[in-house]
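Each residue of the sequence shown is one higher than the last, beginning at 0 in numbering that gives the first Met the number 0.
Heads up, the beta-carbon is just placed ideally off N, CA and C, and yes, glycines get one too.
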Amino acid sequence: MSKALIVIDIQNDFCPGGALAVAGGDAIIPRVNALMDDFPVRVLTQDWHPADHSSFAANHPGAAPFGLIDMPYGPQVLWPVHCVQGTDGAAFHAALKTDPADLVIRKGFRAAIDSYSAFFENDHETPTGLEGYLRTRGVTDLTLVGLATDFCVAYSAIDAAKLGFTVTVLEGACRAIDLDGSLDKARADMRAAGVRLEA
Ligand code: VGL
Ligand code: ZN
């Protein structure tokens, strides 16, 4: 057994003051930093969108943030412009320890498709490469923390469980967007996929 800590999207735009701020998003950082000492493999993910990304409401005339559109791969929530490549909003929060990371993996860099999960884009089939990285390093068990519980953390956790990893989400080291019941649904979906939810 070898274990990895997967730190999801602790970026300025998901923290208070950011474009898609998650309430208390920055409050998890001290615990996440401390957890890094407990894991031999540490991966950080970074939401990393081009300015013309199709998940941005601003790129759909007449559409408002937090509405839904139909994409070829299924329904897609429209978001405020966030985590644009190279901007301060896309940078990791300054308090997050990034030096201990073995790998930083970026996702959501294709304009036509969003990628909540660290493993597959939102078509559920285009891989990010993270599975191969973890397997070739002998990792079997994953602990996930970060932002947001009900989107990128949940999608990553469910994909990881489907791929056969043993997956734990530390909910106390995550914060949620909670859009129209999305947190309750994400928790139920994670449990159904075999993800362990711990405090
Ligand atoms: C996320 C919405 C859009 C996340 C990323 O990190 O949970 N949510 N892009
Ligand atoms: Zn995004």
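Mind checking whether the beta-carbon of residue i lies closer than 8 Å to any heavy atom of the ligand VGL?
{"i": "L182", "result": "no"}
{"i": "L19", "result": "yes"}
{"i": "L67", "result": "no"}
State buried or exposed for residue i, treating a residue as buried only when at least 16 other CB atoms are found within 10 Å of its CB.
{"i": "V103", "result": "exposed"}
{"i": "E197", "result": "exposed"}
{"i": "G107", "result": "buried"}
{"i": "A135", "result": "Note that residue 135 is Thr in the sequence shown here, rather than Ala. Per the 10 Å Cβ criterion, exposed."}
{"i": "A94", "result": "exposed"}
{"i": "A191", "result": "exposed"}
{"i": "T125", "result": "exposed"}
{"i": "G24", "result": "buried"}
{"i": "D87", "result": "exposed"}
{"i": "D12", "result": "buried"}
Leaving out five residues before and five after residue i in sequence, what residues of the same chain have Cβ atoms less than 8 Å from its Cβ?
{"i": "P74", "result": "L67 and I68"}
{"i": "V144", "result": "L4, I5, V6, I7, I27, R30, V31, L34, V152, V168, L169, A172 and C173"}
Return yes when the Cβ of residue j is within less than 9 Å of the Cβ of residue i, no when it is not.
{"i": "L77", "j": "S114", "result": "no"}
{"i": "A160", "j": "V138", "result": "no"}
{"i": "A56", "j": "P49", "result": "no"}
{"i": "T142", "j": "V166", "result": "yes"}
For the ligand ZN, is there a heavy atom less than 8 Å away from the beta-carbon of residue i?
{"i": "C199", "result": "Here the chain comprises residues numbered 0 to 198, so residue 199 is not present and cannot be evaluated."}
{"i": "G73", "result": "no"}
{"i": "H123", "result": "no"}
{"i": "S53", "result": "no"}
{"i": "G107", "result": "yes"}
Grab me the residues of residue i's own chain with a C-beta within less than 7 Å of its C-beta, minus the 5 sequence neighbours each way, in chain order.
{"i": "T148", "result": "E170, C173, R174, A175, L182 and A185"}
Can you list, in chain order, the residues of its chain with a C-beta nearer than 6 Å to that of residue i? Leave out the 5 residues immediately preceding and following it.
{"i": "R105", "result": "Q45 and W47"}
{"i": "Y247", "result": "Residue 247 cannot be examined here, being either before or after the span of the chain that is shown, 0 to 198."}
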